[in-house]
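Student: Before anything else, here's the structure in question.
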Amino acid sequence: MCMKSEYMFLTMVIPGPSNPKRLIDVYLQPLIDELLQLWHVGVRTHDHATNQAFMMRAALMWTVNDLPAYGITSGWSTAGIMGCPICMDDTSAFHLQHGRKTCYFDCHRRFLPQDHPYRRNKKAFIKNRQERNIASPRLTGEEIRVRVEEYSSAIKQPLIHPPGYGTDHKWTKKNIFWDLPYWTTHLIRHNLDVMHIEKNVFDNIFNTVMDIKGKSKDNLNARKDLAIICNRPELQVDERRLNVMPKAVYTLTKDQKRNVCEWVKCLRFPDGYASNLSRCVDMTELRLHGMKRHDCHIFMQKLIPIAFREMVPEHVWSALTEVSLMFQVLCSTTLDIRKVQELEDSVAVIMCNLEKVFPPTFFDSMEHLILHLPYEARVGGPVQYRWMYPFERFLRELKKKVKNKAHVETSIDEAYIVEEIGWFTSHYFEPHVTCKRRRPSRNDDLTREHERISRDIFNHPDRPSGALKKRYATGQERHMMETYVLCNSEVAAPYYESFLNELYKTYSPDDPLIDQLVTIDFVGWFKSRCRWVDPTRGMKVHRHYHLIDVNFKRVYQKDEPFILAQQAVQVYYTEYPSMKRDKIDWMAICKTKARRVESHWTNVAYQIDEEVPVPEVNTNNQTYDLHDPDGLQLIVDLILAMQHGVGTSRLDEDDEDEDDEDSFDDYETNEESEEQDNNSD
């Protein structure tokens, strides 16, 4: 309830047009004053349940921001080598020589146990390097407070960075939240936003595997950095032929990309589950564009294991599937502490499996932050209280209220006050008055609680008489009741007529045997109308990742009993995009929630209700050949590279994201240039 837009407060509107950045503490001062009053004094509040007044006290649990705003509110800059706000200065990130961006490649082996075989591997990660370091434990609130106490706030020194900034630390200020007396005791003060992390990780994976020009992390400069950092000679660019890049096994061919795009174009989801992805398919350039964050959310968790299962080698598919299933576990509405702890222990292995496949350019700050998500899930609880989906949609509704672009803030403020008044007064309207709160949803069948749908066979008035007695019906009595209900029900009438038509092919309509056959065989024939997949020959379950496939050509030929509705789970089926024919009859199963289970479906990001099993992470110390000898070599436009200087190409730069809020690479570049300007000053 607290995450629904009706119960959110628009506490402040910060005037534009420029972002206040580290000076946001100036605008947060009234909020901090109110939080201090709520903590020390409280506010007199009326309790409607007991009809009494009490002193209500409140505390701030945490903040939820995307990564750039995380750095603004926390005071630790999220740009550059020390950009991880959890690892802080204890990091082994570095700058790429040719890519010229921060890289977190091979920063995760130090989180493994001391005896893990990946620590001794000198070929799959940074060449000729063994990992002997151990990751430092997370700093407590008191330890962080001791560090920031020596720095001044942005209110006192708004334009001066603390001494040692950029070399010893990345603290830009002592943020205003440290004025709260309980802020030190919080285990989580600022949440990593799972929504933006998942979206950016999906973009990197999909664009690299699909080899999208300008967005892929595998480009000319990436291969140059690969030759310096890793021992993967099969993927290195020949110095004598700079215009040829060997094809990697983790990228698709043109025919494979066309197959995947056609598969996405034919996908059909349950209503309200995801948007129409066919509108995002560009068959000319063989890419997807214009996908919303929720579409990336669905694709990352449900479709990546299906889309690439037949397209890439097993070790590449396993690495991608482990990341996909990890996000399923983290985004579930129900969390088991033991399973989350198990995921926290194995997330470093998942990251190392990715590092064994993709080039160093692939691993920016977004991929590194995956490492810290299981801990926050274990401490903070389900993700629906810690991600940006409800707030982004709330901000979207606020932006719609702008009618006067000359006074944006005032326009939002006035429209918000009017809406709040209307929402409050609508609770006191007469039942016949139509208002926004009582507006039926898009798929409402317009029935009310007092208008219960009931078939005429159950509609006869009656009342109990005498004492209550219980008796179990015999098998014959149960069969007679089922026959009577099915033969006299409007719902089963078409099936009853179909059964009679089959009997009329053998018997005449006046034959007395028809009534006997109806009594004996109709119930069993009606049950056999359901298609029951043979669980032995017609179903496969992946032994590690628990993915289920079914074959509808391998069904039971005998009658099977029905199940209760409570025992059924709503799923949808999809085919595999494949260049082979070994899975032509097999369908992948994806679970979903029934429409009526969750109210206001369209305003809530999709989550799985039940506990999701933690994937069995593959620990294989084998080094694979990442060159695809059957694929065509990629031709790089050397003229385009030379236009921008030797060693620098526009091919290695990501195009600016269609959504500015999701583009963290540009933010890092701007922050680093800003730091250089400040240092030069």
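In terms of the UniProt record's numbering, the numbers along the sequence shown are unbroken and rise by one, the last being 681. Where a beta carbon is used, it is the ideal one built from N, C-alpha and C, also for glycine. Everything numeric in this text was worked out from a predicted model, so none of it was measured.
Quick check on the DSSP output: what are the complete beta strand (DSSP E) runs of length 3 or more inside the segment 41-89, in order along the chain?
Tutor: 43-47, 52-56, 63-65
Student: Could you check whether the segment 341-353 touches the segment 229-247, counting it as contact only if at least three pairs of C-beta atoms, one from each stretch, sit closer than 8 Å?
Tutor: no
Student: For my contact list, P577 and W263 are in at a C-beta cut-off of 8 Å; report their separation, rounded to the angstrom.
Tutor: 4 Å
Student: What whole-angstrom Cβ distance do R22 and I86 have, given they're in contact under 8 Å?
Tutor: Not confirmed; about 20 Å, so no contact.
Student: Since V249 and D628 are thought to touch, with beta carbons under 8 Å apart, how far apart are those beta carbons, to the nearest angstrom?
Tutor: Taking a contact as a CB-CB distance under 8 Å, the pair V249 and D628 counts as one, their CB atoms being some 5 Å apart.
Student: Does the Cβ-Cβ distance between W171 and W39 come in under 7 Å?
Tutor: no
Student: Quickly, what does DSSP pair T102 with across the bridge? List them, please.
Tutor: H95
Student: Alpha carbon to alpha carbon, how far is E414 from R15? Give it in angstroms, no decimals.
Tutor: Per the sequence presented here, residue 15 reads as Pro, with Arg not at that position. A direct Cα-to-Cα measurement between P15 and E414 gives close to 15 Å.
Student: So what's D193 in DSSP terms, helix, strand or just coil?
Tutor: coil
Student: What residue range does the alpha helix (DSSP H) around E143 cover?
Tutor: That run of the alpha helix (DSSP H) goes 141-148.
Student: Rounded to a whole number of angstroms, what is the C-alpha to C-alpha distance between D66 and M366?
Tutor: Pairing D66 with M366, the inter-Cα distance amounts to about 11 Å.
Student: Taking the beta strand (DSSP E) that V550 belongs to, which residues open and close that run?
Tutor: 548-551
Student: Put H372 into one of helix, strand or coil per three-state DSSP.
Tutor: helix
Student: What three-state label does DSSP hand D282 in the structure shown?
Tutor: strand
Student: Just tell me which of F394, D521, S411, S153 has its CA closest to the CA of V402.
Tutor: S411
Student: DSSP beta-bridge partners for H169?
Tutor: Y165
Student: Ignore the nearest five residues each way along the sequence and tell me which others in R293's own chain have a CB closer than 7 Å to its CB.
Tutor: M195, K199
Student: Using the beta-carbon count (16 or more within 10 Å), is T167 buried or exposed?
Tutor: exposed
Student: Does DSSP classify E131 as helix, strand or coil?
Tutor: coil
Student: Kindly list the residues whose CB is nearer than 7 Å to the CB of L325, restricted to its own chain and excluding five residues on each side of it in sequence; keep chain order.
Tutor: Y545, P615
Student: On the DSSP bridge assignment, give the partners of A492 in chain order.
Tutor: According to DSSP, A492 bridges with nothing at all.
Student: Considering just the uninterrupted stretch of the beta strand (DSSP E) at I584, what are its terminal residues?
Tutor: Run containing I584: none; DSSP gives neither H nor E here.
Student: Let me know if G99 comes out buried or exposed under the rule of 16 or more other beta-carbons within 10 Å of its beta-carbon.
Tutor: buried
Student: Starting from E414, trace the alpha helix (DSSP H) both ways and give me its first and last residue.
Tutor: From DSSP, the alpha helix (DSSP H) with E414 extends over 408-425.
Student: Does the distance from the CB of F269 to the CB of F105 come in under 7 Å?
Tutor: If you check the CB distance, F269 and F105 do not come in under 7 Å.
Student: Alpha carbon to alpha carbon, how far is R287 from H542?
Tutor: Distance between the alpha carbons of R287 and H542 is about 29 Å.
Student: Would you call the CB atoms of I155 and D33 closer than 7 Å?
Tutor: no
Student: Classify R120 as buried or exposed, calling it buried when 16 or more other Cβ atoms lie within 10 Å of its own Cβ.
Tutor: Exposed.
Student: Can you give me the Cβ contacts of L10 inside the same chain, cut-off strictly under 6 Å, excluding the 5 residues immediately before and after it?
Tutor: Counting only Cβ-Cβ distances below 6 Å, and skipping sequence neighbours, we find Y416.
Student: From this set, K302, S216, G475, which residue's C-alpha is nearest T321's C-alpha?
Tutor: K302
Student: Quick check on R379: buried or exposed, where buried means 16 or more other Cβ atoms within 10 Å of its Cβ?
Tutor: Note that residue 379 corresponds to Val in the displayed sequence, not to Arg. That one is exposed.
Student: DSSP state of C230, grouped into three classes?
Tutor: strand
Student: For P390, does the count of other Cβ atoms within 10 angstroms reach 16, so buried, or fall short, so exposed?
Tutor: buried
Student: Just reading off the alpha helix (DSSP H) that Y484 is part of, what are its end residues?
Tutor: 475-487
Student: Return the first residue and the last residue of the beta strand (DSSP E) that E430 is part of.
Tutor: It is not in any beta strand (DSSP E) - E430 carries neither H nor E in the DSSP assignment.
Student: Tell me which same chain residues have a C-beta within less than 7 Å of the C-beta of T91, skipping the five on either side of it?
Tutor: Same-chain partners within the cutoff: I81, M82, C84, C107.
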